[in-house]
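Asker: Can you read through this structure? Questions will come right after.
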Amino acid sequence: MAGSSSSSTKVSLKLLIDVKSKKVLFAEASKEFVDFLFHILSLPVGTVIKLLRKNSMVGSLGNLYDSIENLSSTYMQPNQSKDVVLNPKIANYGAHVPLLSLNADDSMNRKFYRCASSHVYVADDPTALCPQCKYQMNTGLTYVAGESAAKEAAEGGGFVKGVVTYMVMDDLVVKPMSTISSITMLNKFNVKEVGGLEEKVVSLEMKEGLMLLKASLQCKNVLTSGFVEAFAMVIPAQLTSEAVNQLREGIDLLLGKWTALQMAIHNEWGGRDTRQKVQQLTVEIHQWLIRPSEALYIDELENLLDDFMLSLNTEIDDGSIEEIANELMIMHKECLEGKFALIEQLRQSIPTSNHHIQVVNGGVDDSDSTSSSGDESMEIADS
Ligand SMILES: [Zn+2]
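For the sequence shown, my numbering gives the first residue as 810, with consecutive numbering after it.
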């Protein structure tokens, strides 16, 4: 992962996860990620709140921000604008951070002005008057980078050099990586079996960057909590037996709502025993979700569903696999917390079918549903 170029806006990161202790031990990161982290420190607090507000902030600064936003301008001093606090301008020209460019917005850049006679004064407000000629200082100035900045740009911009891989700890301690230090790290974390560790390469975009920014203000295990949220990654804890049962029911309910699957059952696209196959799938998903000692990744679940549907000769291309997988992950996460809102919601809802499915439909019309029994609702709306 070392020495990657800075041309892409996506930045990938290799996480080392201890599945037993349910933690991200550390991340192997390229220059771009470290630049992003360092860049956070140069952001004004007002900008941070503005970025995070939609994701709801912990603490009270969000309220402060709202108050200023809602306050009528008539209460403000004539020489102050609410914008100064709500949209602070950043004066950090030198370090160009390509990653996630939180300040890509040009309005965040501070501008400077002088008078038309080029006197030696500079202002950041084009209505200011030059102390010497008393004319308005409304001629915009252009920032020119010095030699050192040009040299820096040639080396990829940002804050740190790209020649090495960096090690970022869960609590955001950053240092250059070496093989010796990673062995020392494993000892420090008291990792006894390397088999209990998993490597996962994740990539970051704006959304994940914001999750990490948020986590960095709230806790000491930033990578663990930031990525768990960002990637629907669940590092299992113990499920209560009630949760295990609820989860089982939830899977049934959710699959019952999955139009494509219900059509496959109804039309026996996987053969006469399609229904049994689906029951087995339910068991498989349940076991996959409740396995105690491995981290769960949504992409694995998607593959499981995709493979199963293919085994029923059904190719799905409507995004419903991703939807179902996502709901299963949410359901599982809620079960870990002893909450069952999604399952309850499924219980209340009537099976609907507004999915657009691209399957080759063999016009099968079988006489009523044969394998009756149970309280399974098998409603398939014709489209
Ligand atoms: Zn002047």
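Note that CB positions come from ideal geometry on N, CA and C, so glycine has one too.
1) Would you please state the rounded distance, in angstroms, between the beta carbons of residue 1114 and residue 1091? I believe it to be under 8 Å.
2) Does the Cβ-Cβ distance between residue 977 and residue 838 come in under 8 Å?
3) If you measure from each CB to the nearest heavy atom of ligand 1 and keep those under 6 Å, what residues do you get, in chain order?
4) To the nearest angstrom, how far is the alpha carbon of residue 828 from that of residue 922?
5) Using a 10 Å radius around the Cβ and a threshold of 16 neighbouring Cβ atoms, would you call residue 1130 buried or exposed?
6) If you check the beta carbons only, do residue 820 and residue 842 fall under 8 Å apart?
7) Since I believe residue 823 is in contact with residue 970 (beta carbons under 8 Å), could you give me their beta-carbon distance rounded to a whole number of angstroms?
8) Spell out a yes or no on whether the region 1016-1034 and the region 1116-1124 are touching, meaning 3 or more CB-CB pairs, one atom from each, closer than 8 Å.
9) Do residue 1152 and residue 1058 come within 8 Å of each other at the CB atom, strictly closer than that value?
10) What does DSSP give as the partner residue(s) for residue 1012 in the beta ladder?
11) Between which residues of its own chain and residue 879 is the CB-CB distance below 8 Å, once the five residues before and five after are set aside?
12) Would you give the residue range spanned by the alpha helix (DSSP H) that residue 847 belongs to?
13) Looking only at C-alpha atoms, which of 892, 844, 893 and 1098 sits nearest to residue 1052?
14) Taking C-alpha atoms, which residue in 835, 849 and 836 lies nearest to residue 1025?
15) Please return the same chain residues whose Cβ sits closer than 6 Å to the Cβ of residue 1077, not counting the five positions on each side in sequence.
16) Could you check where the alpha helix (DSSP H) with residue 1138 kicks off and where it finishes?
17) Can you tell me whether DSSP reads residue 936 as helix, strand or coil?
18) I need the straight-line Cα distance from residue 826 to residue 1021, nearest angstrom please.
19) Taking Cβ to Cβ, would you say residue 1062 is nearer than 8 Å to residue 1156?
20) Of the choices 948, 938 and 983, whose alpha-carbon is the least far from that of residue 845?
Answerer: Reading it off the structure:
1) Residue numbering aside, residue 1114 sits at position 305 when the sequence shown is read from its first letter. Residue numbering aside, residue 1091 sits at position 282 when the sequence shown is read from its first letter. Wrong, their Cβ atoms sit about 12 Å apart, outside the cutoff.
2) In the sequence shown, residue 977 corresponds to position 168, counting from 1. In the sequence shown, residue 838 corresponds to position 29, counting from 1. Closer than 8 Å, so yes.
3) 924, 926, 928, 939, 941, 942 and 944
4) Translated into positions along the sequence shown, residue 828 becomes position 19. Translated into positions along the sequence shown, residue 922 becomes position 113. Roughly 56 Å between the two C-alpha positions.
5) Numbered from its first residue, the sequence shown carries residue 1130 at position 321. So residue 1130 ends up on the buried side.
6) On the sequence shown, residue 820 is found 11 positions in, with the first residue counted as 1. On the sequence shown, residue 842 is found 33 positions in, with the first residue counted as 1. It is a contact, given that the beta carbons lie within the stated cut-off.
7) Indexing the sequence shown from 1 puts residue 970 at position 161. Indexing the sequence shown from 1 puts residue 823 at position 14. No, residue 970 and residue 823 are not in contact; Cβ-Cβ is about 19 Å, not under 8 Å.
8) As far as the Cβ criterion goes, the region 1016-1034 does not touch the region 1116-1124, which means the pair count is below three.
9) Working through the sequence shown from its first residue, we reach residue 1058 at position 249. Working through the sequence shown from its first residue, we reach residue 1152 at position 343. Their beta carbons are under 8 Å apart, which means residue 1058 touches residue 1152 by this criterion.
10) Within the sequence shown, the letter at position 203 stands for residue 1012. DSSP, once it has assigned bridges, lists 821 as partnering residue 1012.
11) The residue labelled residue 879 in the question sits at position 70 within the sequence shown. Nothing listed; no residue qualifies.
12) Looking up residue 847 in the sequence shown gives position 38. That run of the alpha helix (DSSP H) goes 840-850.
13) Looking up residue 1052 in the sequence shown gives position 243. Nearest option by C-alpha distance: 1098.
14) Residue mapping note: residue 1025 aligns to position 216 of the sequence shown, counting from 1. Of 835, 849 and 836, the residue nearest in Cα terms is 849.
15) For the purposes of this step, residue 1077 is identified with residue 268 of the sequence shown, where counting begins at 1. Within the same chain, residue 1077 has close Cβ partners 1083.
16) On the sequence shown, residue 1138 is found 329 positions in, with the first residue counted as 1. Here the alpha helix (DSSP H) through residue 1138 covers 1129-1145.
17) As a working mapping, residue 936 is identified with position 127 in the sequence shown. Here residue 936 sits in coil by DSSP.
18) Here residue 826 refers to the residue found at position 17 when the sequence shown is read from its first residue. Here residue 1021 refers to the residue found at position 212 when the sequence shown is read from its first residue. In a straight line, the C-alpha of residue 826 is about 17 Å away from that of residue 1021.
19) Taking the first residue of the sequence shown as 1, we reach residue 1062 at position 253. Taking the first residue of the sequence shown as 1, we reach residue 1156 at position 347. Cβ distance < 8 Å, so residue 1062 and residue 1156 count as in contact.
20) The residue given as residue 845 occupies position 36 in the sequence shown. Residue 845 has its Cα closest to that of 983, out of 948, 938 and 983.
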